[in-house]
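Q:
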């Protein structure tokens, strides 16, 4: 069974990258059903609109996550506990992610690494939010970064 299903729109993140990330996430969460995240790639104007409407922050950001489940951080996930969050294929929707391509390009240049690496990082970051991780306080931030780096290292993506 596949633990994760990533549904991406468009061609910004190639199918090979999607499958590799799904594989890297295998075993990360104890689950009896596939966990699904939806990903859209947007421009600066759209991410600003989403940020303003959903968070009351009127500025461009790199990634926004919209988790659907509460209290799942570090927990085993049993599909029967979430019957209304299952899709037609039996996948449990854990959230949606919007990634700003404009900001990802800027950050890749700013940090001196590739656009592909930045997209991978932002997607993994968004998935971590959908799994209940956060970075509001230093201890949470350290835990989240450790999880992100673990998944990225499984993909062979390290800080360049």
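Residue numbers (our numbering): -12 to 147. Beta carbons are placed, not taken as given, at the ideal position from N, Cα and C, and that holds for glycine.
1) How would you write the range of the beta strand (DSSP E) that residue 23 sits in, first residue to last?
2) Establish whether the CB of residue 9 and some CB of chain D are separated by less than 8 Å.
3) Between which two residues does the beta strand (DSSP E) holding residue 82 run?
4) Between the C-alpha atoms of residue 40 and residue 30, what's the straight-line distance to the nearest angstrom?
5) If we ignore side chains and look at the alpha-carbon of each, how far apart do residue 64 and residue 119 end up?
6) For residue 52, which residues of its own chain have a beta-carbon under 7 Å away from its beta-carbon, when the five flanking residues on both sides are left out?
7) By Cβ distance below 6 Å, which residues in the same chain neighbour residue 11 in space, the five residues on each side in sequence not counted?
8) If you drop the 5 nearest sequence neighbours on each side, which residues of the same chain put their C-beta closer than 7 Å to that of residue 134?
9) Please identify the residue among 110, 95, 92, 36 whose C-alpha is closest to the C-alpha of residue 23.
10) Could you tell me the distance, in whole angstroms, from the CA atom of residue 98 to the CA atom of residue 67?
11) One question on the structure: do residue 21 and residue 77 come within less than 8 Å of each other, judged by their Cβ atoms?
12) Please report the residue range of the beta strand (DSSP E) in which residue -6 lies.
13) Can you tell which of 47, 90, 107, 125 has its C-alpha closest to the C-alpha of residue 6?
14) May I ask you to list the residues that DSSP assigns as paired with residue 50?
A: By the coordinates alone:
1) Translated into positions along the chain shown, residue 23 becomes position 36. Here the beta strand (DSSP E) through residue 23 covers 22 to 29.
2) Note that chain D does not occur in the displayed structure, where there is just one protein chain.
3) The residue given as residue 82 occupies position 95 in the chain shown. Note, residue 82: beta strand (DSSP E), 79 to 87.
4) Start at 1 with the first residue of the chain shown, and residue 40 comes out as number 53. Start at 1 with the first residue of the chain shown, and residue 30 comes out as number 43. Approximately 16 Å, taken between the alpha carbons.
5) Position 77 of the chain shown holds residue 64. Position 132 of the chain shown holds residue 119. Distance between the alpha carbons of residue 64 and residue 119: 12 Å.
6) Indexing the chain shown from 1 puts residue 52 at position 65. Apart from sequence neighbours up to five positions away, the residues of its chain that approach residue 52 with a beta-carbon distance below 7 Å are 82, 84, 113, 116, 117, ordered along the chain.
7) For the purposes of this step, residue 11 is taken as the residue at position 24 of the chain shown. 138, 141, 142.
8) By 1-based counting over the chain shown, the position of residue 134 is 147. Within the same chain, residue 134 has close Cβ partners 115, 120.
9) In the chain shown, residue 23 corresponds to position 36, counting from 1. Nearest option by C-alpha distance: 110.
10) Position 111 of the chain shown, counting from 1, holds the residue named residue 98. Position 80 of the chain shown, counting from 1, holds the residue named residue 67. Taking the straight line joining both Cα atoms gives about 43 Å.
11) Here residue 21 corresponds to residue number 34 of the chain shown, with the count starting at 1. Here residue 77 corresponds to residue number 90 of the chain shown, with the count starting at 1. Yes. Within cutoff.
12) Start at 1 with the first residue of the chain shown, and residue -6 comes out as number 7. Residues -9 to -5.
13) In the chain shown, the residue the question calls residue 6 occupies position 19. Of the candidates 47, 90, 107, 125, the one whose C-alpha sits nearest the C-alpha of residue 6 is 107.
14) Counting from 1 along the chain shown, the entry for residue 50 is found at position 63. Residue 50 pairs with 86.
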